[in-house]
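Undergrad: Each residue of the sequence shown is one higher than the last, beginning at 18 in our numbering.
Ideal Cβ placement from N, Cα and C applies to all residues, glycine included.
Bear in mind the structure is a predicted one, so any value in this text is a computation, not a measurement.
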Amino acid sequence: MPPTDPAPFLAAVIGASAGLVAIIGGLLVNRFIGLDSEQQGAQRILDDAISRRGLVKQRADQTAKALRDFEAHDFLDDDDVFDGIAQGKIKAAAIRPLGAPTDLTDDELQPYLDDLVAEYARVRATIDTRFPSAEDGSVDDWKDRLDAWDEYFRERFEPEASAWPALWEHAYVDVIKERLHDARHHERELRHADMASQGGHVGDPPVKTPYDPSADPAQPDKDEAGGGIFGSHYLLTTPSPAVRNFRPSDVHERIRLKEANARAQQQLEDVDHEVLRLRQDRDRIVRPDSQIWVALGVLSYPTVVGIALPAITLSQGPTAFTPWIRCQALLFVSVLLVLLGYMVYLAGRLHRRGRTASHDPVNGAAPTNRAS
Numbered sequence: 018m019p020p021t022d023p024a025p026f027l028a029a030v031i032g033a034s035a036g037l038v039a040i041i042g043g044l045l046v047n048r049f050i051g052l053d054s055e056q057q058g059a060q061r062i063l064d065d066a067i068s069r070r071g072l073v074k075q076r077a078d079q080t081a082k083a084l085r086d087f088e089a090h091d092f093l094d095d096d097d098v099f100d101g102i103a104q105g106k107i108k109a110a111a112i113r114p115l116g117a118p119t120d121l122t123d124d125e126l127q128p129y130l131d132d133l134v135a136e137y138a139r140v141r142a143t144i145d146t147r148f149p150s151a152e153d154g155s156v157d158d159w160k161d162r163l164d165a166w167d168e169y170f171r172e173r174f175e176p177e178a179s180a181w182p183a184l185w186e187h188a189y190v191d192v193i194k195e196r197l198h199d200a201r202h203h204e205r206e207l208r209h210a211d212m213a214s215q216g217g218h219v220g221d222p223p224v225k226t227p228y229d230p231s232a233d234p235a236q237p238d239k240d241e242a243g244g245g246i247f248g249s250h251y252l253l254t255t256p257s258p259a260v261r262n263f264r265p266s267d268v269h270e271r272i273r274l275k276e277a278n279a280r281a282q283q284q285l286e287d288v289d290h291e292v293l294r295l296r297q298d299r300d301r302i303v304r305p306d307s308q309i310w311v312a313l314g315v316l317s318y319p320t321v322v323g324i325a326l327p328a329i330t331l332s333q334g335p336t337a338f339t340p341w342i343r344c345q346a347l348l349f350v351s352v353l354l355v356l357l358g359y360m361v362y363l364a365g366r367l368h369r370r371g372r373t374a375s376h377d378p379v380n381g382a383a384p385t386n387r388a389s
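(1) Who are the Cβ neighbours of arginine 147 in its own chain at under 7 Å, not counting the five residues just before and after it?
(2) At the level of alpha carbons, what is the spacing between valine 134 and glutamine 104?
(3) Which of the three DSSP states is assigned to serine 307 in this structure?
(4) Kindly indicate which three-state DSSP category alanine 312 falls into: helix, strand or coil?
(5) Give the DSSP-derived three-state secondary structure of aspartate 95 in the structure shown.
(6) Please work out which residues of its chain come closer than 6 Å, Cβ to Cβ, to arginine 15, disregarding the five sequence neighbours upstream and downstream, and give them in chain order.
(7) Please classify serine 150 as buried or exposed, where buried requires at least 16 neighbouring CB atoms within 10 angstroms.
(8) Could you check where the alpha helix (DSSP H) with arginine 147 kicks off and where it finishes?
(9) Mapping the DSSP letters down to three states, classify glycine 32 as helix, strand or coil.
(10) Tell me the rounded alpha-carbon separation between glycine 101 and lysine 108.
(11) Output yes or no for whether 8 Å exceeds the beta carbon distance between tryptophan 181 and glutamate 136.
(12) Can glycine 116 and phenylalanine 92 be called in contact, C-beta distance under 8 Å?
(13) Which residues in the same chain as histidine 203 place their Cβ atom closer than 8 Å to its Cβ, once the five residues preceding and following it in sequence are excluded?
(14) Spatial neighbours of threonine 119 within its chain, please: CB distance less than 6 Å, with the 5 preceding and 5 following residues excluded, ordered by chain position.
(15) Below 8 Å on the Cβ atoms is my contact criterion, and I expect alanine 59 with isoleucine 302 to pass it. Report the Cβ-Cβ distance as a whole number of Å.
(16) Per DSSP, what kind of secondary structure is isoleucine 107 in: helix, strand or coil?
(17) For the segment 50-57 against the segment 279-295, do three or more pairs of beta-carbon atoms, one drawn from each stretch, fall closer than 8 Å, so that the two count as touching?
(18) Under the assumption that valine 30 contacts glutamine 297 (Cβ atoms under 8 Å), give the Cβ distance between them as a whole number of angstroms.
(19) Helix or strand or just coil, what does DSSP make of threonine 143?
(20) Spell out a yes or no on whether the segment 268-275 and the segment 29-45 are touching, meaning 3 or more CB-CB pairs, one atom from each, closer than 8 Å.
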């Protein structure tokens, strides 16, 4: 005769289900703890990579700036560029045709040009204050000074002019040319006044023409030789900076800077890829995969079917095996089948992973896999 009290059966179902839930729950809790540790570890690695990227970015910016500084100085250190600045050309687009070819854009070149324009004005003003007025020297005196840059450079300007020696020389020549221009006019005025004092016919007083920095003061003006007041462009006694400053070391320095910049940019690109990969790895850990949700479903099923429903039924004080209690017995069997099916699924999944890894053409061996 079948037992009429279902309480022991329901208690056994609840106990067995509780044991299964405890085992599965423990595994899931362990997995969640592992996920949290992996997240923290992945975040630390990502933070380290981001910090390293900051250092690499700083070095890349420094090497790029060093190359720009070199290219800009190489382009601007030219007599034709200095001439253009002296004539009021202060835009990169206007200066570009005067210098050697450069990879710098107008926007990149303009800040350096602005600094050079300001430096040229300062240098010229400095040199101008260190020479007497044009009336304090003869035309021949000022002509002699045109070729005396080396002497004045050593005696008066060497410490200050070490950064831009060609700029200082150009400004020096420009100042002396202006003094020579004014001295010639002063001598014409003196001759005119002397002839007038002797009662001769001298005509109108000489008119002072504006100083032109592109004029050649080595040529006589129209009052002295009947020709135009300005001739060809004045040439320095030394070669132009483009020739004078050309050294094999400059070529080697440019090559060194370009190679250093290329290496730094490549390192920055590599660390950018690394940061992107690490961020993706971190995000994959932060977002649980489908296996976590499957495991939660497997845990929820015995909790509801094997614990909650029998407990509710038991609390009602059943006295006989009703169809509902028999249905719960079948549901408990389904719990066991679900757990067994899940274990078979995990075993098959691990087997497929191992087989795929064993045929990896790169590694040639299966890495260690962990179950989700």
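TA: Walking through what the data contain:
(1) Arg173
(2) 11 Å
(3) If DSSP states are grouped into helix, strand and coil, serine 307 belongs with the helices.
(4) Helix.
(5) coil
(6) Residue 15 is absent from the structure shown; the chain starts at 18 and stops at 389.
(7) exposed
(8) Looking at the DSSP string, arginine 147 is not in any alpha helix (DSSP H), and its letter there is neither H nor E.
(9) Helix at glycine 32.
(10) 10 Å
(11) Result yes, Cβ atoms of tryptophan 181 and glutamate 136 sit closer than 8 Å.
(12) yes
(13) Only residues of its own chain outside the window of five on either side were considered, and among them Ala151 and Glu152 have a CB closer than 8 Å to the CB of histidine 203, listed in chain order.
(14) Answer for threonine 119: Glu88 and Phe92, listed in chain order.
(15) 5 Å
(16) Reduced to three states, the DSSP call for isoleucine 107 is coil.
(17) no
(18) Wrong, their Cβ atoms sit about 45 Å apart, outside the cutoff.
(19) When DSSP states are grouped into helix, strand and coil, threonine 143 belongs to the helix group.
(20) The segment 268-275 is not in contact with the segment 29-45.
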